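Q: The structure is given below, and queries will be raised subsequently.
Structural data, given as structure tokens:
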């Protein structure tokens, strides 16, 4: 069963729109919008109680992004299926392009019409689409043959390695973990799972050698932040101080001394959750984590109600993507993971990750809306 | 078949879904646990660290108490002073900043030197406040404030600067304060307080705790780059206590000037002969900028150095305590440069030495009252016992001379004191023995520390047989007794001890101890424990020194009906005179090099009817006690009694 056999409905357009509108999963929408507004509020605080330079622009992007999300919601998933290959190829192309014509000291961004775009973020969703498309014909794939894994692994490894070489270890690893988790989800035989794991563990020394000095340093500092308490360990030490000093209910909105006095690095991007934890405390931090959990659960739950594997993989993949964003970021700010540069979805300042999430959620909503139209 | 496959697939997906969800739950769970640990369990620790980030804590120095004289004249006080402080952080280009500031205001070189040395002293690269200068004027402030925008890194602060309006006349007594250094301890522990002055010498040091007052505390809220954005005072300061000393500054000033002048003449520098001398001489001490001291030969001379102390014989309070040359304590509160320090340190007249309390001199003939009292108390002689003086006492292989070459003839004790006959006291010393003399000297306050309000004290030396044996391992000789009987040889006293000795004799009842503080009436003194009659006889003899026809100080009577003084002169030989020199004829004191001239001493009290004040005058290498020291004592008494 696949979308090639689907037909468009012939009902009257207004009726269709209304039906679709009623079928939208409003829990997901509410979670997304709520988290987006948390982001606006946090960025307002990060600027010392100022709409500029981040909060206003985040709000604008949020509004545009949510509108885009709704537009996507009304588009039939069949359309995404058709776009899969081209979007993946475009993603790869822009990654290569960024490698040679990128902006900044590390090549992560390209400029399109005055906007800085980070193709590696978009690549995550393109990969989900690509893998979903590949496994759509799962019945034809024999998981007991090693050859069956070559193509999906290439889908994963090629963008992953390009991103790592940018160098952006965090995003690259996210792509690779995301890809392999999807492989695992669709039913890779356990034999091969163990083979992969063994290969990965034995290749750790080789990967270590390929890393840039600053990346090695970050991992070493992660293992013991005190070795460089004024350099790269500084971020994590100050972040822990900020989180820890927040206590149960925090220091109060706009009153976080660590962020207000500039002890927090990158407080508007990667360390935004530190600011929230400092100002709103354990209570606030847990509330936000719970809302994320609600969002992720609501998304992945859809996978049980859809028929096509294409849809299942996308829904599961998007849930996983948000989960990975969340845990990498929060694990990093509290010192459980090395500082790898991962934004907090919907809250961190940065257009590309925001749009990636909103588009992904839009596609998930679309799949949910259109699920019984086969 | 297809349906079956589909079913298996669905099962796999569901199993894998739940397995991955389980993993996700574990991850979220461990992150939540981590936040619980950081925010709830270790909250206090991180709160403290965050607090340390947010605030820099400071101690606010309180306003230091004043030092006042007995008539409430200010000896040490505080003046507003404006400081320029650099909020240093790594990003500050110090050189360029200092250059820009010095284009606008003048910064003293020694301030700059100190600034750079404290800049280089810093241990780490954390931002901190470094003092640039404490000597800004109102004008400087105005000039800088106008261009404040250009220098966000500098701030002004108003602080207090210690001032000593009396200058050098009382520098040794007040002492001075200095910036707290690591060597100093406050209440047993070392704390760093920017701009805190602590007493380094004299009363400032002795009463440091009382003068200092209570610290306040403040905290500055600072950004990670060290910019101060807020200041909160959460503990107020309380000022230190004022200290009232017993000194009378008008007497002190007069005594200082009188001592330095001695018998010299005050000559204007407009004088022709003087102008020529100034051309060829670099180190001239000017008096009030327009005068110099000259001797009989009209040569420019240095002011006399020495000590004048006046003490109340009833309560031991010092009314004047002069040590010359003095130093100006204001030099220290302005920040002493290395150059100024080395000038003070290398001055051959040692201006930093407090001669009154730490200078030791052989007492010379001023000791004769003690020797006489020892003899009277031991009953060896009575008032009528006579000895004959031929000008020399032959003893063993040596000759011991009297200052009067031809001798005094036969005289009794009172006459011997009046004329200061040395041979009489040689005989007396031999009869009494050094140990009994030493006991009497100690009774009169020599050879000991007093409980006086200063750290600068010297014990001096009161020798006896045991002391010699312990120090040199050699037996005491009678020749040494002869020397000690006229206050030469081993015996050393401070001017403070001499005035205390006279005070005790004048008081006759109590063993008075000296004090610099006015309100110490509750101080109790021990009984002197010397026969009253003997003391009266000694006092009568001291009166004769001034009033008698042959008295050594007869030229220097006060001459008032109400007040007259009694006393004793002393001329201390500094170098040994050989027999050959004596035969050739003594070289006149003024013709010897300064260092080899005699010390001139005078001790005394007034009024004779009812003793109230005691005095000791020491003029270093000043000549004879009767011609140099006695007139100084007379004039100081005249000033004191307003005659």
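Chains as they are written, first to last, in our numbering: chain A, 133 to 506; chain B, 1193 to 1835. Backbone N, C-alpha and C fix where the C-beta goes; we use that ideal spot for every residue, glycine too. Just so you know, these numbers come straight off a predicted model, no measurement behind them.
Is it buried or exposed, residue 1395(B), if we count other Cβ atoms within 10 angstroms and call 16 or more buried?
A: Counting from one through the second chain, the residue named residue 1395(B) turns up at place 203. The residue is buried, with at least 16 neighbouring Cβ atoms inside 10 Å.
Q: Do we get a CB-CB distance below 8 Å when we pair residue 1519(B) with the residues of chain A?
A: In the second chain, residue 1519(B) corresponds to position 327, counting from 1. So, not an interface residue.
Q: For the beta strand (DSSP E) that contains residue 326(A), what are its first and last residues?
A: In the first chain, residue 326(A) corresponds to position 194, counting from 1. Run containing residue 326(A): none in the beta strand (DSSP E); it sits in the alpha helix (DSSP H), 322–334.
Q: Give the list of continuous alpha helix (DSSP H) stretches no shorter than 4 residues that lie fully inside the segment 1620–1672 of chain B.
A: 1626–1635, 1657–1664, all fully within the segment 1620–1672 of chain B.
Q: Cutting at 6 Å between CB atoms, please list the residues of its own chain near residue 265(A), excluding the five before and the five after it.
A: Within the first chain, residue 265(A) is the residue found at index 133, counting from 1. So the list reads 216, once near-sequence residues are dropped.
Q: Between residue 202(A) and the rest of its own chain, which residues show a CB-CB distance below 6 Å, the 5 nearest in sequence each way excluded?
A: Numbered from its first residue, the first chain carries residue 202(A) at position 70. There are no such residues.
Q: Give the secondary structure of residue 1221(B) by DSSP, where H, G and I count as helix, E and B as strand, and everything else as coil.
A: Taking the second chain and counting its residues from 1, the one referred to as residue 1221(B) is at position 29. It is helical.
Q: Using the Cα positions of residue 423(A) and residue 275(A), report the straight-line distance between them to the nearest angstrom.
A: Along the first chain, one-based indexing puts residue 423(A) at 291. Along the first chain, one-based indexing puts residue 275(A) at 143. Their Cα atoms are separated by approximately 36 Å.
Q: Here's the rule I'm using: 16 or more other beta-carbon atoms within 10 Å means buried, otherwise exposed. How should residue 1344(B) be labelled?
A: Against the second chain, residue 1344(B) aligns to sequence position 152. With fewer than 16 other Cβ atoms within 10 Å, it is exposed.
Q: Are any of the Cβ atoms in chain A nearer than 8 Å to that of residue 1281(B)?
A: Along the second chain, read from residue 1 onward, the residue named residue 1281(B) stands at position 89. By this cut-off, residue 1281(B) is not an interface position.
Q: Closest Cβ-Cβ distance between residue 1234(B) and chain A: below 8 Å?
A: The sequence position of residue 1234(B) within the second chain is 42, counting from 1. Closer than 8 Å to some Cβ of chain A, the Cβ of residue 1234(B) qualifies, so yes.
Q: Could you tell me whether any Cβ in chain B is nearer than 8 Å to the Cβ of residue 518(A)?
A: No information on residue 518(A) is available, as it lies outside the stretch 133 to 506 that chain A covers here.
Q: Using the rule of at least 16 other Cβ atoms within 10 Å of the residue's Cβ for burial, across every protein chain shown, is residue 350(A) buried or exposed?
A: On the first chain, residue 350(A) is found 218 positions in, with the first residue counted as 1. Label assigned to residue 350(A): buried.
Q: Given that residue 1226(B) touches chain A, what residues does it touch there, using C-beta distances under 7 Å?
A: By 1-based counting over the second chain, the position of residue 1226(B) is 34. Within 7 Å Cβ-Cβ: 466, 468.
Q: Would you mind stating whether residue 1794(B) and residue 1809(B) have Cβ atoms separated by less than 8 Å?
A: The residue given as residue 1794(B) occupies position 602 in the second chain. The residue given as residue 1809(B) occupies position 617 in the second chain. Yes; because the gap between Cβ atoms is below 8 Å, this pair is in contact.
Q: For a quick check, are the C-beta atoms of residue 1695(B) and residue 1448(B) less than 8 Å apart?
A: For this step, residue 1695(B) is matched to residue 503 along the second chain. For this step, residue 1448(B) is matched to residue 256 along the second chain. Not closer than 8 Å, so no.
Q: In the DSSP output, what is residue 1721(B) paired with across the bridge?
A: As a first step, residue 1721(B) is located in the second chain; it is residue number 529 there, counting from the start. Per DSSP, none; premise fails for residue 1721(B).
Q: Judging by CA-CA distance, which residue of 1814(B), 1608(B), 1670(B), 1548(B) is the nearest neighbour of residue 1587(B)?
A: If you number the second chain from 1, residue 1587(B) lands on position 395. Among 1814(B), 1608(B), 1670(B), 1548(B), the Cα nearest to that of residue 1587(B) belongs to 1670(B).
Q: Is there a Cβ of chain B sitting closer than 8 Å to that of residue 375(A), yes or no?
A: Position 243 of the first chain, counted from the first residue, corresponds to residue 375(A). Output row for residue 375(A): interface = yes.
Q: Return the chain-ordered list of same chain residues with a C-beta closer than 6 Å to the C-beta of residue 1629(B), the five sequence neighbours on each side being excluded.
A: Start at 1 with the first residue of the second chain, and residue 1629(B) comes out as number 437. Counting only Cβ-Cβ distances below 6 Å, and skipping sequence neighbours, we find 1563, 1566.
Q: Within 10 angstroms of its Cβ, does residue 1382(B) collect 16 or more other Cβ (buried), or is it exposed?
A: Locating residue 1382(B) in the second chain gives position 190, where the first residue counts as 1. Note that residue 1382(B) has pLDDT 46, beneath the 50 cutoff, so the model's placement of it is unreliable and no number is given.
Q: Under 9 Å between beta-carbons, which chain B residues line up against residue 324(A)? List them in chain order, please.
A: Numbered from 1 along the first chain, position 192 holds the residue referred to as residue 324(A). Ordered by position in chain B, no residue passes the 9 Å Cβ test against residue 324(A), which lies about 13 Å from the chain.
Q: Using a Cβ-Cβ cut-off of 6 Å (strictly less than) and excluding sequence neighbours within five positions of residue 483(A), which residues of its own chain qualify?
A: Residue mapping note: residue 483(A) aligns to position 351 of the first chain, counting from 1. Answer for residue 483(A): 193, listed in chain order.
Q: Which whole-angstrom value describes the C-beta separation of residue 1432(B) and residue 1254(B), a residue pair presumed to lie in contact below a C-beta threshold of 8 Å?
A: Residue 1432(B) sits at position 240 when you count from the first residue of the second chain. Residue 1254(B) sits at position 62 when you count from the first residue of the second chain. Between residue 1254(B) and residue 1432(B) the Cβ distance is about 6 Å, and since that is below 8 Å, they are a contact.
Q: Flag residue 1246(B) as yes if its beta-carbon sits less than 8 Å from any beta-carbon of chain A, otherwise no.
A: By one-based count along the second chain, residue 1246(B) stands at place 54. So, interface residue.
Q: Using DSSP bridges, identify the partner residues of residue 1348(B).
A: Translated into positions along the second chain, residue 1348(B) becomes position 156. Answer by DSSP bridge pairing, in chain order: 1276(B).
Q: Distance check for residue 1709(B) and residue 1691(B), CA to CA, integer angstroms please.
A: To locate residue 1691(B), count along the second chain from 1; it is residue 499. To locate residue 1709(B), count along the second chain from 1; it is residue 517. Distance between the alpha carbons of residue 1691(B) and residue 1709(B): 17 Å.
Q: Quick one: is residue 1538(B) buried, meaning 16 or more other Cβ sit within 10 Å of its Cβ, or exposed?
A: Mapped onto the second chain, residue 1538(B) falls at position 346. Label assigned to residue 1538(B): exposed.
Q: Where do the ends of the beta strand (DSSP E) carrying residue 479(A) lie?
A: Stepping through the first chain from its first residue, residue 479(A) is reached at position 347. Neither: residue 479(A) is in no beta strand (DSSP E) and is coded neither H nor E.
Q: Among 1637(B), 1325(B), 1211(B), 1352(B), which has the Cα closest to the Cα of residue 1719(B)?
A: On the second chain, position 527 is the one that residue 1719(B) refers to. For the residues 1637(B), 1325(B), 1211(B), 1352(B), the minimum Cα distance to residue 1719(B) belongs to 1637(B).
Q: Indicate whether at least one CB of chain A lies closer than 8 Å to the CB of residue 1837(B).
A: Shown here, chain B extends from 1193 to 1835; a query on residue 1837(B) therefore has no answer.
Q: Alpha carbons only, please: which of 1771(B), 1409(B), 1751(B) is nearest the one belonging to residue 1589(B)?
A: Translated into positions along the second chain, residue 1589(B) becomes position 397. Nearest option by C-alpha distance: 1771(B).
Q: Under a three-way DSSP split, which group does residue 1381(B) fall into?
A: Taking the first residue of the second chain as 1, we reach residue 1381(B) at position 189. Confidence at residue 1381(B) is low in this model, with a pLDDT of 48, below 50, so the placement of that residue should be treated as unreliable; the coordinate-derived value is given next. It is a strand residue.
Q: So, are the CB atoms of residue 1744(B) and residue 1612(B) less than 8 Å apart?
A: If you number the second chain from 1, residue 1744(B) lands on position 552. If you number the second chain from 1, residue 1612(B) lands on position 420. Yes, they are a contact pair.
Q: So, helix, strand or coil for residue 1772(B), using DSSP?
A: By one-based count along the second chain, residue 1772(B) stands at place 580. In this structure, residue 1772(B) counts as helix in the three-state DSSP scheme.
Q: Pull up the distance between the alpha-carbon of residue 1204(B) and that of residue 1211(B), whole angstroms please.
A: Here residue 1204(B) is taken as the residue at index 12 of the second chain, counted from 1. Here residue 1211(B) is taken as the residue at index 19 of the second chain, counted from 1. Near 10 Å, if we compare the C-alpha coordinates of residue 1211(B) and residue 1204(B).
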